[in-house]
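Peer 1: My structure is below; once you've seen it, I'll send some questions.
In the numbering used here, the protein residues as written are 1 to 173.
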């Protein structure tokens, strides 16, 4: 099953995804897309590491998510990708503007053929006001388009608010 877990900042989306991965009874590989470029982000990464079981695998990949998914998806395996909006940010910061479209399309085009369980975590950013600045608006647009495309391809889509999951598509939690 492929799942998309959406939510705002501190909504409980990562905790829910980690619980679903743990409850799957499958070997889990956590795919971290963040880059600890400052002290605050380093603290966030440390908190996520403390929460994860020691026996989970870890792959840190800020850009080539499709390649990592292709190389690691397998029957009887659970991949947890946290988080797609950090991945988008990494791609938006590259000088090669075409890279984002290429990497996104690779994920979307390959997803149906990927075996095993895959859980995607992403920040829902489109519920507020239209942000100022071209880059910020592009980020919100790209995240929204990615979420729509993934939601079509995933068997379950969940919106998490205040730690409570609301199933938008698929079997309820």
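We treat Cβ as the ideally placed atom computed from N, Cα and C, and that holds for glycine. Note that this is a predicted model, so its numbers are computed, not measured.
Could you spell out where the alpha helix (DSSP H) holding residue 60 opens and where it closes?
Peer 2: Looking at the DSSP string, residue 60 is not in any alpha helix (DSSP H); the run it does join, the beta strand (DSSP E), is 57 to 60.
Peer 1: When DSSP labels each residue in this structure, what does residue 32 get in the three-state scheme?
Peer 2: Looking at residue 32 - three-state DSSP - the assignment turns out to be strand.
Peer 1: How would you call residue 258, buried or exposed, if buried means at least 16 neighbouring beta carbons within 10 angstroms?
Peer 2: Residue 258 falls outside the range modelled here, since the chain spans only 1 to 173, and no answer is possible.
Peer 1: Among all the DSSP beta bridges, which residues are the ones paired with residue 102?
Peer 2: Residue 102 is not bridged to any residue.
Peer 1: Please check the pair residue 57 and residue 28, which I expect to be a contact at CB under 8 angstroms, by giving their CB distance rounded to whole angstroms.
Peer 2: Correct: roughly 7 angstroms between the Cβ atoms.
Peer 1: Check the C-beta distance from residue 175 over to residue 17 and give it rounded, since I have them as a contact under 8 angstroms.
Peer 2: One cannot answer for residue 175 here, as it falls past the ends of the chain, which runs 1 to 173.
Peer 1: Kindly indicate which residue of 165, 169, 104, 127 has the alpha-carbon position closest to the one of residue 14.
Peer 2: The option with the nearest alpha carbon to residue 14 is 165.
Peer 1: Tell me which same chain residues have a C-beta within less than 8 angstroms of the C-beta of residue 174, skipping the five on either side of it?
Peer 2: Examination of residue 174 is not possible in this model, given that the chain is present from 1 through 173 alone.
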